[in-house]
Structure formats: structure tokens, C-alpha cells
Amino acid sequence: MSDLTTTVTRYLDIWNEADADKRAAAIAELFTADAPYIDPLAAVEGREGFAAVVAGARDQFKGLSFELHGTVDAHHNQARFQWGLVTEAGAEPVAIGFDVLVADEAGKIKAVYGFLDKVPAA
Numbered sequence: 001m002s003d004l005t006t007t008v009t010r011y012l013d014i015w016n017e018a019d020a021d022k023r024a025a026a027i028a029e030l031f032t033a034d035a036p037y038i039d040p041l042a043a044v045e046g047r048e049g050f051a052a053v054v055a056g057a058r059d060q061f062k063g064l065s066f067e068l069h070g071t072v073d074a075h076h077n078q079a080r081f082q083w084g085l086v087t088e089a090g091a092e093p094v095a096i097g098f099d100v101l102v103a104d105e106a107g108k109i110k111a112v113y114g115f116l117d118k119v120p121a122a
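Using the numbering used here, the first residue of the sequence shown is number 1, and each one after it goes up by one.
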């Protein structure tokens, strides 16, 4: 497993962490202070901004979890990967997304760019 694959796994773990204090600690450890997070629904900067996006998603999608779909494609401190939002492990995703994560030389996330391939039905 590459370092960036581990980083992607830890990134998805943040989305799945129910405890806000544990999420904040993981974000502080994994993200640079000013990292932007940009997807079709949000454009925020910094750890607190990202934490707010995750908290909002957790409130909106209670009981669902994010899982990696496929493999992580990584080179030059950047990784792309697809994820699914599922009701249980291996279930058909209600949402599917594609993220690009950029890390600094120390391995901390310095930017995330997200795209939505499938959105939940209203």
C-alpha cells in the first residue's frame, strides 16, 4: 500500500468518524492548515471549513458511510479515487464521487477537489 493510498484511507475514515473531536484531531493530523476542499456543493478553506463540510454531510446522510471503490491511482504527491456512499459495506451506493487529493512533501493533504458522479435521489 502506497503512502497516498494510506492517506486516502485515512481521509475516508474522517468522513465516517461519528465523534466530532476525533474527526477534528484526525483532520489536524492529516491536513495542512489552509487546505482547500472544493466540490460541486462546497468550496471551503482550512481545517475548520473542511470539518464543517464533513459534519454537514454526516447530518444529511445519517447511518451511511463512505467506502473506497476501486483502487487509488497516485503519482507526484497526488491521488485520484472513486468513493461510494453506502448503507452497508458492499451495498449499492446512493451516491458516487471522484476525488483528487494533493499532498505536500510531508504527506499532509494540501488540497482536495471532488466531483459527483451520482447524487442521491430527492
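Ideal Cβ placement from N, Cα and C applies to all residues, glycine included.
Treat the numbers as computed from the prediction; the structure is a model and nothing was measured.
Item, Value
"Distance between A95 and P120 (C-alpha atoms, nearest Å)", "5 Å"
"Three-way DSSP call (helix, strand, coil) for G70 in this model", "strand"
"Buried versus exposed call for A35 [16 or more other C-beta atoms within 10 Å across all chains shown]", "buried"
"8 Å Cβ shell around I14 - same chain, five flanking residues per side excluded", "R23, A26, I27, L30 and V54"
"C-beta atoms of L68 and F81 nearer than 8 Å", "yes"
"Cα-Cα separation between A74 and K62, rounded to whole angstroms", "31 Å"
"Bridge-paired residues (DSSP) for E119", "Glu is not the amino acid found at residue 119; the sequence shown has Val there. None; V119 has no bridge partner."
"Identity of the residues DSSP links to A111 by a beta bridge", "V102"
"Exposure label - K118; buried when at least 16 CB within 10 Å", "exposed"
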